[in-house]
Amino acid sequence: MSSSFKDAMDGTAWEDYCEKILRIHYGVRSFTSVPHADRGDHGLEFFANDGTLFQCYFPDPSCSMEDYKLRVKKKINDDLNKLIKNESGISLLLDGLVITQWLLLIPSVRSKDLISYCNAKTKSFLKKAPSFINKNNFKVRIESDDAYPLEKHKARILIESTIDFPVREITQEEKDQWKSINTNFHDNLIRKCGKIAPSPDAMVDSLIGDYLVLEDLIVAYREEFPELHKEISEMVAANLSILKTNAFFSKEDPAELVMDLLKKNRANVSSLRQKISMQNSEKFSIGFVSKWIAECKMDFILS
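Under the numbering used here, the first residue of the sequence shown carries the number 26, and numbering increases by one thereafter.
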């Protein structure tokens, strides 16, 4: 694996990359990803039906060898202690699965001392190991993505490929149906677009189409790429919050405010680690603006 590919990562990107590798390796029936909100508390990120607990760690690539070894050893020690401390919660997650190895995945194993340290930790950990550990067959191990040569290349292709869900053409019949069902939202669009655009009727019609396309994309991304969907939603929501706060201190033309928000959405969506197509990116950017205008979240621009 090219070092530049991994050097450009941070801890979150490394974790996402490792998850892709392991999902490819094990398949959906034999692999479980612990939700992000709980990972740090329990000291594990993933587990597999072959009895492996996984943790990921991305040490600072620029640190010295001595500092590197200290950091990795601390990570191993701290997370093994979390297994003991959180025995009951982890047992519920594992649901009877017996664990035979705990594996730390790092970008590269830079010292044989870390292998020796894992051997020593295996012996000391087994003296106080929680009930879900196989005390007769258990190892603490450290590996890099090189342990999965085929899977790592497939994972990189997934990361570097561009996601592009087809965007369908919204018919006038669908727009008219939306107007009849969402009369309040439609009234909001008419009222606000009258303040924003020189041709409000055309803008209303366009934004209804963008709203409906966004709903399609949200469903597709939420089902296929839930973490990416969450990342996009949080980014654009933050943009709206920033714009609303700024509006308390300076009065701008409503059209300029909306354009500023659209630019921020475009910039954030285009900066995602996972590439998405230009068409999907644009539809997310304008789609969220249309959703906010329709659903009364941008009244501040008219005040």
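We treat Cβ as the ideally placed atom computed from N, Cα and C, and that holds for glycine.
Between which two residues does the alpha helix (DSSP H) carrying residue 8 extend?
Missing from the structure shown is residue 8; the chain here goes from 26 to 328 and no further.
Cβ distance (whole Å) where residue 309 is taken to contact residue 257 below 8 Å
6 Å
In angstroms, rounded to a whole number, what distance separates the CA positions of residue 205 and residue 275?
When rounded, the distance between both Cα atoms is 37 Å.
If we call anything under 7 Å between Cβ atoms a contact, is residue 288 one with residue 236?
No, the Cβ-Cβ distance between residue 288 and residue 236 is not below 7 Å.
Within this structure, are the beta carbons of residue 124 and residue 158 separated by less than 7 Å?
yes
What's the gap between the Cα of residue 184 and the Cα of residue 298?
8 Å
Could you give the distance in angstroms between the alpha-carbon of residue 27 and the alpha-carbon of residue 96?
Model confidence at residue 27 stands at a pLDDT of 48, short of 50, so the residue's coordinates are unreliable; what they give is reported in the following sentence. If I take the Cα positions, the gap works out to 23 Å.
Mapping the DSSP letters down to three states, classify residue 81 as helix, strand or coil.
strand
What are the start and end residues of each continuous alpha helix (DSSP H) run of 4 or more residues lying completely inside the stretch 193 to 221, in chain order?
197 to 206, 208 to 221
Residue 87 to residue 31, Cα distance in whole Å?
13 Å
Environment of residue 294 [buried if 16+ CB atoms lie within 10 Å]:
By the 10 Å Cβ count, residue 294 comes out buried.
Below-7 Å beta-carbon distance, residue 40 vs any chain C residue
No chain C is present in this structure, which holds just one protein chain.
Limits of the unbroken beta strand (DSSP E) element including residue 57
56 to 58 is the span of the beta strand (DSSP E), which, as asked, contains residue 57.
With hydrogens ignored, establish whether the beta-carbon of residue 306 is closer than 6 Å to any heavy atom of the ligand GTP.
As presented, the structure is devoid of all ligands, the ligand GTP included, so that no description of it is given.
What do you get for residue 78, buried or exposed, if any count of 16 or more other CB atoms within 10 angstroms of its CB means buried?
Per the 10 Å Cβ criterion, buried.
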